[in-house]
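Colleague: Residue numbers (the working numbering), protein chains in the order written: chain G, 296 to 526; chain W, 296 to 526.
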DNA sequence: CAAATAGTGTCTTTAAGACACTATGCC
DNA sequence: GGCATAGTGTCTTAAAGACACTATTTG
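1. Along chain W, which residues have their Cβ under 8 Å away from the Cβ of residue 367 (chain G)?
2. So, are the CB atoms of residue 322 (chain G) and residue 446 (chain G) less than 7 Å apart?
3. Give a yes or no on whether the C-beta atoms belonging to residue 431 (chain W) and residue 341 (chain W) are separated by under 7 Å.
4. Identify which residue in G:400, G:381, G:425 and G:376 has its Cα closest to the Cα of residue 313 (chain G).
5. Report the three-state DSSP secondary structure of residue 512 (chain G) (helix, strand or coil).
6. Roughly how many whole angstroms lie between the Cα atoms of residue 374 (chain W) and residue 482 (chain G)?
7. Looking at chain G, is there any beta carbon in it that lies within less than 7 Å of the beta carbon of residue 509 (chain W)?
8. Which value, in whole angstroms, describes the spacing of the CA atoms of residue 443 (chain W) and residue 389 (chain G)?
9. Starting from the beta carbon of residue 375 (chain W), find every residue of chain G whose beta carbon is closer than 7 Å, and list them in chain order.
10. At 7 Å on the CB atoms, spell out the chain G contacts of residue 305 (chain W), in chain order.
11. Name, in chain order, the residues that DSSP records as bridge partners for residue 522 (chain G).
12. Pick helix, strand or coil for residue 427 (chain W), following the three-state DSSP scheme.
13. Evaluate residue 478 (chain G) with the Cβ neighbour count: other Cβ atoms within 10 Å of its Cβ, from every protein chain shown; 16 or more gives buried, anything less gives exposed.
14. Less than 8 Å between C-beta atoms, sequence neighbours within five positions excluded: which residues of the same chain meet that for residue 485 (chain G)?
15. Span of the alpha helix (DSSP H) holding residue 408 (chain W)?
16. Apply the 10 Å Cβ neighbour rule to residue 440 (chain G) and answer buried if 16 or more other Cβ atoms are within range, or exposed otherwise.
17. So, is the C-beta of residue 523 (chain W) closer than 7 Å to a C-beta in chain G?
18. How would you label residue 305 (chain W), buried or exposed, when you count the other beta carbons within 10 angstroms and need 16 or more for buried?
19. When you compare the CB positions of residue 417 (chain G) and residue 518 (chain G), do they come within less than 7 Å of one another, or not?
20. Between which two residues does the alpha helix (DSSP H) containing residue 467 (chain W) stretch?
21. For the stretch 402–410 of chain G against the stretch 336–353 of chain G, do three or more pairs of beta-carbon atoms, one drawn from each stretch, fall closer than 8 Å, so that the two count as touching?
22. So what does DSSP say about residue 487 (chain W), is it helix, strand or coil?
23. Could you confirm whether any beta carbon from chain W is found closer than 7 Å to the beta carbon of residue 316 (chain G)?
24. Run through the stretch 301–367 of chain G for me and flag every whole alpha helix (DSSP H) of 4 or more residues, listed as ranges in chain order.
25. Under 7 Å Cβ to Cβ from residue 371 (chain G), same chain only, skipping five residues before and after it: list those, please.
26. Tell me which residues of the stretch 307–337 of chain W have at least one Cβ-Cβ distance to chain G shorter than 7 Å, keeping chain order.
27. Determine the burial state of residue 366 (chain W): buried for a count of at least 16 other Cβ atoms within 10 Å of its Cβ, exposed for fewer.
28. Please classify residue 452 (chain G) as buried or exposed, where buried requires at least 16 neighbouring CB atoms within 10 angstroms.
29. Identify which residue in G:408, G:497, G:435 and G:409 has its Cα closest to the Cα of residue 420 (chain G).
30. Using 8 Å for Cβ pairs, my map puts residue 357 (chain G) next to residue 378 (chain G). What's the rounded Cβ distance?
31. So for residue 395 (chain G), helix, strand or coil by DSSP?
32. Going by DSSP, name the residue or residues bridged to residue 499 (chain W).
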């Protein structure tokens, strides 16, 4: 029953946050911003904020808008993770936070991030030594787990890559996400089966033999495979 | 950034709804309740309502509480589906609804439902001919799709079954969810591999040879398989 | 030529699909 | 016995893992 007569409820505060991932130097990174106000002032937190009903057609817009403020670009992939709620998560009172997870290519987003000092890419290991606000460390772990799962059965990790990329780069991204080696052969087979990438008529140097460049075909959907990579 | 100083935003109305599934007579059914007030008075809608910050420790509690009001039992399985938001979904204004999907065994829930006339099990085909409130038809389709996906790679459909059940019943549930036949052999292999069910020392008649009864082992987690059933 | 990375060939392994077969209960 | 459902055996098929092999580029 969406909505009732009796809307004179204490309505909880509703916010939207995002866990934006990318892979830099074969390491999985998360975008965090430094809090400028209490509580948790000076701590690092997920980018996000209040849904503005006048400009955000939906919560997706809120997530994109807040991410754009920090990175100056829209992430290549955005999906809802979970909605967290309760009294204990924020000292100011009962809160409800819709969290997204998102993927972007490092090159596009990083130019802008490097110019500001209240936002940075944080590697997963760094999370243990940085002060993280609210329950955001827990949320990031949850998001990482979900991304890992998604990497096992879909092509979504390509959205951590720039428009043109090589199989070797894709392999690095997958290995950063999964935390374990992946066979080149398996990746090639999946690229073949998914049929959502096309070879670009261009090659790039990579330390050895020149590598083919690939890009995502226009207007393709996410493809799920019937079989996972092994855990 | 969960929360800010400036909480003087027009906060959207936040509600929690659930898509409760079960399988009755080899048909997938959804629990709907008849709306008693405007808008969409007399139409059928998903059970749900406002989060009560005084009694709901989290949104999960809201979903469970509202479902218990209608069925008198807690569903065996509950998971977040998606959060829907926007201006167009409710004529009264901008709304944000966290939707869960849930599974229950028909026998436990149905006794109570049959005593009230504002709640009933609706089969998926019936959705086209019943008047459905808000965007709930779309939400149910989304939930059904997700349940289907989940049935391909996990054991969650067992939560549509009573405590003790046979492989034949499990097969019926799977087939109702997937809308296509499934091999008994495949189910048996999965039960074996998942190792979360145990044979009960009891058999039940089923029209032919007596069937073994199974139950879920205590304190087991959801198991995901590395390979899907085929689409 | 050596080192490095790109890309192929192919054998093994795992788990599902298909389907024939046996088993057991009720009429 | 005959029907219906339970349950097994086993061959086929699909796709990942392992890994050796060839190809191409730079130094």
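Don't be surprised by glycine CBs; every beta carbon is placed ideally from N, CA and C. The structure presented is a predicted model; accordingly, all values stated were derived computationally and were not measured.
Modeller: Let's see:
1. Chain W residues near residue 367 (chain G): none, gap ~18 Å exceeds 8 Å.
2. Against a cut-off of 7 Å, the Cβ pair of residue 446 (chain G) and residue 322 (chain G) comes out as no contact.
3. The answer is yes: Cβ separation under 7 Å.
4. Of G:400, G:381, G:425 and G:376, the residue nearest in Cα terms is G:376.
5. Correct three-state label for residue 512 (chain G): coil.
6. Residue 374 (chain W) and residue 482 (chain G): Cα-Cα distance of roughly 32 Å.
7. It does not: the Cβ of residue 509 (chain W) has no partner Cβ on chain G nearer than 7 Å.
8. Approximately 34 Å, taken between the alpha carbons.
9. Listed along chain G are 377 and 378, each with a C-beta nearer than 7 Å to that of residue 375 (chain W).
10. Residues of chain G whose Cβ lies closer than 7 Å to the Cβ of residue 305 (chain W) are, in chain order, 348.
11. DSSP, once it has assigned bridges, lists W:522 as partnering residue 522 (chain G).
12. In the structure shown, residue 427 (chain W) adopts extended strand secondary structure according to DSSP, grouped into three states.
13. So residue 478 (chain G) counts as exposed.
14. The answer, listed in chain order, is 450 and 520.
15. From DSSP, the alpha helix (DSSP H) with residue 408 (chain W) extends over 401–408.
16. By the neighbour-count criterion, in which a residue is buried when 16 or more other Cβ atoms sit within 10 angstroms of its Cβ, residue 440 (chain G) is exposed.
17. It does: the Cβ of residue 523 (chain W) has a partner Cβ on chain G nearer than 7 Å.
18. Here residue 305 (chain W) is exposed. Its C-beta has fewer than 16 other C-beta atoms within 10 Å.
19. Inclusion of residue 417 (chain G) and residue 518 (chain G) in the CB contact set at 7 Å is not warranted, their separation being larger than that value.
20. Per DSSP, the unbroken alpha helix (DSSP H) holding residue 467 (chain W) starts and ends at 462–473.
21. Verdict: no, contact absent.
22. Correct three-state label for residue 487 (chain W): helix.
23. Not closer than 7 Å to any Cβ of chain W, the Cβ of residue 316 (chain G) fails to qualify, so no.
24. Taken in chain order, the unbroken stretches of alpha helix (DSSP H) that lie wholly in the stretch 301–367 of chain G and span 4 residues or more are 354–366.
25. Closer than 7 Å at the Cβ level, and outside the excluded window around residue 371 (chain G), lie 398, 399, 400 and 454.
26. Listed by position along the chain: 307, 308, 309, 310, 312, 328, 330 and 332.
27. Per the 10 Å Cβ criterion, buried.
28. Of the other Cβ atoms in all chains shown, 16 or more fall within 10 Å of the Cβ of residue 452 (chain G); this residue is therefore buried.
29. Comparing Cα-Cα distances from residue 420 (chain G) to each of G:408, G:497, G:435 and G:409, the minimum goes to G:435.
30. So it is not a contact: roughly 13 Å between Cβ atoms.
31. In the structure shown, residue 395 (chain G) sits in a strand (DSSP, three-state: E or B).
32. W:506, per the DSSP bridge assignment.
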